[in-house]
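Student: Encoded as structure tokens, here's the structure I'll be asking about.
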Amino acid sequence: MSARAFACALAAIAVIGLAASRGLTSPQDPARSSQTFRTGTDAVTVDVSVRAGGKMVGDLSASDFVLLDNGVQQRIDNVESAPMPIDVTLVADVSGDQRGSWIEPEESAKVPVNFDARVQQIARLLRPDDRLRAIAVDTYVHEVFGLKAPSAVPPVRAVRNGGLSALYDAIIAAMLQPVGANRRHVVLVATKGRDTISTATPEAIRFIADRSDVLLHIVTMETEADNDVARARSQCANQGLCTPTRRFWVPFTRNVFDSTPVEGGGFNHPLTPAGNVLAEASTLSGGALHRAAMFSSPSTGGVFREAFDAFRQSYQLRYTPQGVKREGWHTLAVTVPRIPDAQVRARRGYSIDVSPASAAPTARPPMPTTFDEFVDAYTRSDYTPVARALRSWPDPSALIRRLDEGGNPWPAAPRREAVFALELTEAGMFSKQPVAHEYARRLLNRFHRLLRHPFEADAFERDWLWAEITILEGTIRPLVTQSFINYALERFPDDPRFLLAKAIATDQMFPFIGAVPTAAQSPSGTATAEHVAKVTAQYLAVMKFPETTPEAHVRLGWFLHRVGRDDEALEQLDAVQDASSPDRALRYLRQLFRGHVLVGLGRDNDAIAAYRAALALWPDAQSPQVSLMNSLLKVGNRAEADELAEGIQTAPMGTDPWFSYWLGDYRFYPNAMARLREQIR
Amino acid sequence: MTTRHTFAVVTCAALVAALYGGRTELRSAPQWRTTNRSALRTVSQEPAQQPTFRLMAEAVSLEVSVRNSNRRTYTGLKAADFEVLDNGVRQEIVDVTFGKLPIDVTIALDVSYSVNGAMLDRLRRAVTQLMRDLGKEDRLKLMLFNARVNRVVDFTQDITVVEKALTTVAAGGGTTVYDTLSVAMVSASAPDRRQLVVCFTDGGDSNSATDPEVLVDVARRTRATVALVMPPLISGIEVRSFQPRTTTMIMPSARGPAAPLRDKLYATVVSETGGSRIGAGSSADLTQTFRAVLDDFRSAYVLYFRPKGVERAGFHTLAVKVNKSGANVLARKGYFGG
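This is the structure we're talking about:
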């Protein structure tokens, strides 16, 4: 493996995907957007803090450390102890009490005050070249402010709060934030210790903590949790409000610890299994899970201070792995033999995925035949066999269910899962099995929530929704499609493609082809006036966007032709010129449609010219040949009509955009998926 | 251009015929043909776009089926037994033939997604048998269509070629019934042979570029007789073009007639061409169905008349009567004059 490839492999351990799904994004240089062990060429760096006798130990050199990589001692090339600027992400849990809504008004006012106090406290601990960002988490993850120098940290005056707690999602979102070169990242989490809505699991946090370069400290605010419990008990006893008036439906509650009342007052706080996993995750990152209670130590501020101090006084060991296989998991062990009682804190290992670039050339992989093989292929970014296999998969239901119920096969790469879900969805939506349609729809809805960017709708979500809509348009189930388009428009109200998709879905309502009659078609089989007006208005609305103007004109023109308004149809089709769109298929369709409209207007020779123009744009298309043949026959040019008839029957298989016209913008699905797959990497 | 093409151009340009609308009391349909080869050669020197009625020798041929209520053909009819009205003007029938002209049969099989499995197997057997039933001068052409219109065997008398082609048939994709019918009617133009187009389809059209009214127009301007053999439209079928998988609906074609309108369209097309539409149940004996279609077509009279007392150009509405009580007469409804 070349040094470059190895660096790529190291970069592959970065897990950046969730930034688009749950976390934050910032318009940074992509090269800076991955979290890795910082590498020179083949180098690995490890942060190590050493504490002895309650104090940090300084002045250590390379010879003081023993570092084992997969049990093989490594030669430490360099040790740096110079403080490195840090980026701090504060994650503050501002969720409400899911047991009832009555306590929230009382608490709401305090939330921004307490939040601001925490923020200012941390800002004071930072150095001028450090930066701080703040994230609040309730049902969603909100960025309160982005990375700011300590002196520029704004006062927090308002924080949306209440609702459920997406704690795990927020932690992952924070861990996956891009980190600038020569900076370190510390994530501080203050939580009541309860998660009720996350799609991520504690295991996913552990997985990412294992593989990222972030230092994770979690502070469970046990007092706040206790207050919730005590308040609920009091209200039950004094007010009879023992059955919560649920404001939210809480599907499950995953506690980091239990608040178990003990005899004589107070609470025990044993860690739950999920809490143990979180504790392990933070330890893996070099941080810890801290338990903070009122009048107890550590306090939140104390934890933060300790974290920063430890981090600043840590050593950065750099070595070039020797005697170990590069790919795969590397267990690290760091000791300082000359200080027997030293507490050495360092990450426990790292992983290097086999990147496509580093893999040796192999024969073309076979088509996947099991879910695991699909996952393996996708892990290798081997998308083509996946897509091919899914296209001929008899019933994708089982695959969809496996993904839906089995969790993310790539816990550290939620984007990969999201794109994989679309691959399965496409297979499901086009399956012969109706049940597969239902599974596919359910999967899409689930990923809506997973992909919902916490702060503002982002490019990945937009692209994902676009790919989703292209699939749905292709199924020509407009009633189903419309609900998904409405969601996309809720997220991106001004996206021209989504607005156009809405018009197309409405257009698809006539002629009536589904099981449930719609208002689009009259009993006599014609389009209703209401439907015509609706479709027209929706296409007209999209025309103001340059991106969709030509297609809106062409589609409206064809629609008007279909409802017998050829004069207006021609106006629409002539409102755009061939040069107005780089889309050859669209230019072709415009001419083909003009031909049909001109036939409708009795202008047969003009129609013939239009068909010829369409044929020039798409020479192997069958439709303009047939249309031209028909028109030539009509004007008496039997010779050329005969020739065309002969040519049509004997022509080799070609493409024809007309064949996919009714599938809306499904023709863009391959491109949409290619774009998404690029964003997986 | 091939010899066949030249010949076709000559005759078609000279005598393009198709029907112009409306139900008549007696079903009739246009079929035209010149009876004078020397005249044809003369006509061939005219521009191809200058059609019809240039020469006195030109005549219109009209295929007429005459059956009793039991669908038995009346045989032995003479010219005097028929009455032909061209745009309401009675015409003199100059000749009548029965079973003399060779037949060109175009079989167009819908091999879209909606026609597959056992039905496809029965189709293979039926077409093979139809080939065996042809006369020694008759020929068969095989077209397969889904989204694409594809001639897999040109007119031939070689049954082995047809059998071999049928073994490779595979179903899938969308459907272009209208386009296929249009192409089949236009290309079935050999003037010295009778033309029968047998189209097997469930009728669902997803990809045609041919508008319904254009299809009717083509039916009127060409001379083939169209027989539609139609299994019931399968519900929940998939019709898709470049996505060869299923949906539960049918895409609308060019101007997308809904199902009732589509049925009306097919009825019009077969009526205009003097053909018939035959339902084929899921267990129908397709071999017998195809054989019946061929027998019906074979047992038709061909009447020849030289139009008199009518304008050459435009539509010529035809009406045919027979002096047999209770006879059912089936013929084209008209033709186009140049």
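Quick mapping for you: the protein sequence lines, in order, are chains A and B.
Residues 1 to 681, numbered by our numbering, are exactly what the first sequence covers, in order.
Residues 682 to 1019, numbered by our numbering, are exactly what the second sequence covers, in order.
Note that CB positions come from ideal geometry on N, CA and C, so glycine has one too.
Grouping DSSP H, G and I as helix and E and B as strand, with all else coil, what is residue 746 of chain B?
Tutor: In the structure shown, residue 746 of chain B adopts extended strand secondary structure according to DSSP, grouped into three states.
Student: Taking the CB atoms as reference points, tell me whether residue 747 of chain B and residue 946 of chain B lie closer together than 9 Å.
Tutor: no
Student: Does the stretch 857–867 of chain B touch the stretch 801–819 of chain B, meaning 3 or more C-beta pairs lie closer than 8 Å?
Tutor: no
Student: Determine which residues of the stretch 534–546 of chain A have a Cβ less than 9 Å from any Cβ of chain B, and write them out in chain order.
Tutor: none
Student: Measure the CB-CB distance between residue 88 of chain A and residue 60 of chain A and report whether it falls below 9 Å.
Tutor: no
Student: Less than 9 Å between the C-beta atoms of residue 342 of chain A and residue 44 of chain A, yes or no?
Tutor: no
Student: Residues in the same chain with beta-carbon distance under 6 Å from residue 664 of chain A, minus the five sequence neighbours each way, listed in chain order, please.
Tutor: Taking C-beta separations shorter than 6 Å and ignoring five residues to either side along the sequence, the partners of residue 664 of chain A in its chain run 473 and 504, following chain order.
Student: Here's the rule I'm using: 16 or more other beta-carbon atoms within 10 Å means buried, otherwise exposed. How should residue 744 of chain B be labelled?
Tutor: buried
Student: Considering only C-alpha positions, which residue in the set A:638, A:66 and A:622 is nearest to residue 336 of chain A?
Tutor: A:66
Student: Between the stretch 625–645 of chain A and the stretch 473–493 of chain A, can you find at least three pairs of beta-carbon atoms closer than 8 Å?
Tutor: The stretch 473–493 of chain A makes no contact with the stretch 625–645 of chain A, as fewer than three CB pairs between them are under 8 Å.
Student: Have a look at residue 150 of chain A and residue 64 of chain A and give me their C-alpha separation to the nearest angstrom.
Tutor: 35 Å
Student: According to a CB-to-CB cut-off of less than 9 Å, which residues of the stretch 888–910 of chain B neighbour chain A?
Tutor: Within the stretch 888–910 of chain B, the qualifying residues are 888, 889, 890, 891, 892, 894, 895, 896, 898, 899, 902 and 903.
Student: Taking only the alpha-carbon atoms, compute the straight-line gap between residue 201 of chain A and residue 801 of chain B and give it to the nearest angstrom.
Tutor: About 52 Å.
Student: Which residues in chain B sit within 9 Å of residue 673 of chain A, going by Cβ to Cβ distance?
Tutor: The premise fails here: residue 673 of chain A is roughly 14 Å from chain B at the closest Cβ pair, so nothing lies under 9 Å.
Student: Which bits of chain A does residue 957 of chain B rub up against, with CB to CB less than 7 Å?
Tutor: None at all; the shortest Cβ gap to chain A is about 23 Å.
Student: Three or more C-beta pairs closer than 8 Å, one from the stretch 252–261 of chain A and one from the stretch 269–284 of chain A: is that the case here?
Tutor: yes
Student: What's the C-alpha gap between residue 764 of chain B and residue 603 of chain A?
Tutor: 38 Å
Student: Under 9 Å, Cβ to Cβ, is there at least one residue of chain A near residue 857 of chain B?
Tutor: yes
Student: Suppose you measure from the CA of residue 439 of chain A to the CA of residue 397 of chain A; what does that come to, to the nearest Å?
Tutor: Using only the alpha carbons, I get a separation of about 6 Å.
Student: Go ahead and pull the three-state DSSP assignment for residue 755 of chain B.
Tutor: coil
Student: Can a CB atom of chain B be found closer than 9 Å to the CB of residue 325 of chain A?
Tutor: no
Student: Mind checking which residues open and close the beta strand (DSSP E) that includes residue 1018 of chain B?
Tutor: Secondary structure note for residue 1018 of chain B: its beta strand (DSSP E) is the uninterrupted segment 1015–1018.
Student: Within the continuous alpha helix (DSSP H) that includes residue 631 of chain A, where are the two ends?
Tutor: From DSSP, the alpha helix (DSSP H) with residue 631 of chain A extends over 622–635.
Student: Buried or exposed: which applies to residue 211 of chain A, given that a residue is buried once 16 or more other Cβ atoms fall within 10 Å of its Cβ?
Tutor: Answer is buried; the Cβ neighbour count reaches 16.
Student: Do you know offhand how far residue 895 of chain B's Cα is from residue 564 of chain A's?
Tutor: 14 Å
Student: What residues from the stretch 809–833 of chain B come within 7 Å of chain A, judged by C-beta to C-beta, listed N to C?
Tutor: 824, 828, 829, 830, 831 and 832
Student: Got a sec, what are the start and stop residues for the alpha helix (DSSP H) residue 395 of chain A sits in?
Tutor: From DSSP, residue 395 of chain A is part of no alpha helix (DSSP H); its letter is neither H nor E.
Student: Output the distance between the C-alpha atoms of residue 419 of chain A and residue 444 of chain A, rounded to the nearest integer angstrom.
Tutor: 11 Å
Student: With 9 Å set as the bound, which would you pick, yes or no: does the beta-carbon of residue 121 of chain A sit closer than that to a beta-carbon of chain B?
Tutor: No, because no Cβ of chain B sits closer than 9 Å to the Cβ of residue 121 of chain A.
Student: Quick check on the burial criterion: 16 or more other C-beta atoms within 10 angstroms. Buried or exposed for residue 652 of chain A?
Tutor: exposed
Student: Would residue 629 of chain A count as contacting chain B if we go by Cβ distances under 9 Å?
Tutor: yes
Student: Between which residues of its own chain and residue 780 of chain B is the CB-CB distance below 8 Å, once the five residues before and five after are set aside?
Tutor: 979 and 980
Student: If the cut is a Cβ gap below 7 Å, which residues of chain A does residue 867 of chain B touch?
Tutor: Under the 7 Å cutoff, chain A gives 629, 633, 641, 642 and 645.
Student: I'd like to know if residue 791 of chain B contacts chain A, where contact means its C-beta is closer than 9 Å to some C-beta of that chain.
Tutor: no
Student: Could you tell me whether the Cβ of residue 386 of chain A comes closer than 9 Å to any Cβ of chain B?
Tutor: no
Student: Mind checking which residues open and close the alpha helix (DSSP H) that includes residue 592 of chain A?
Tutor: 584–600
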